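The structure appears right after this line, and notes come after that.
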Amino acid sequence: MDDPRLPEPLRARIAELEARPALEKVRHFLRGYVADSDGLDEIRDEVRRSAQTSTHFLRLDLAAFESVLAETHSPGTLLRLVEGDGNRGLDDSTDAGAAAYLGALADLLREVIGE
57 MDDPRLPEPL
67 RARIAELEAR
77 PALEKVRHFL
87 RGYVADSDGL
97 DEIRDEVRRS
107 AQTSTHFLRL
117 DLAAFESVLA
127 ETHSPGTLLR
137 LVEGDGNRGL
147 DDSTDAGAAA
157 YLGALADLLR
167 EVIGE
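Positions in the sequence shown are counted from 1; adding 56 to them yields the numbering used here.
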């Protein structure tokens with residue numbers, strides 16, 4: 057998103073956010089939308105509110121989720137991401153369980169972006 061109408065400090069901040077690694081983007085999403093939520097319905101509502109302004113960063117978040125889910129990570133990485141950064145206890149406390157949860161969040165993003 058390089059809009060020349062935006063002030064340079066804002067354009068620089070946007071470029072910085074866009075350049076973050078996928079894992080950091082997912083971590084930021086989890087901390088911002090998931091950690092203090094009561095569940096997927098509340099997360100969906102918050103994401104919808106964000107989408108009313110712009111879907112630009114939500115699309116970047118979705119790409120980050122897809123990338124993280126496609127990559128190989130050291131054991132425990134996805135579980136720590138979900139349980140630590142997302143503040144979510146999982147019934148299946150494994151990386152596979154965390155991947156399933158992250159996949160559900162990616163589906164939620166696809167749904168909201170598609171609306």
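C-beta atoms are modelled at their ideal positions from N, C-alpha and C, and glycine is treated no differently.
A quick note: this is a predicted structure, and the numbers were derived from the prediction, not measured.
Exercise for the section: Starting from R100, trace the alpha helix (DSSP H) both ways and give me its first and last residue. Expected result: Counting from one through the sequence shown, the residue named residue 100 turns up at place 44. First-last of the alpha helix (DSSP H) with R100: L96 to T109.
Exercise for the section: Evaluate D151 with the Cβ neighbour count: other Cβ atoms within 10 Å of its Cβ, from every protein chain shown; 16 or more gives buried, anything less gives exposed. Expected result: What you label residue 151 is simply residue 95 of the sequence shown in a count that begins at 1. So D151 counts as buried.
Practice task
Assuming A176 contacts A120 (C-beta within less than 8 angstroms), just tell me the rounded distance between them.
Solution key: The chain is shown from 57 up to 171; residue 176 falls before or after that span and cannot be answered.
Practice task
Measure how close the beta-carbons of L116 and K81 come, nearest whole angstrom, since I'm counting them as under 8 angstroms.
Solution key: Numbered from its first residue, the sequence shown carries residue 116 at position 60. Numbered from its first residue, the sequence shown carries residue 81 at position 25. That pair is a contact at about 6 angstroms.
Practice task
Name the two residues that bound the continuous alpha helix (DSSP H) containing H112.
Solution key: Within the sequence shown, numbered from 1, the residue matching residue 112 stands at position 56. First-last of the alpha helix (DSSP H) with H112: H112 to A126.
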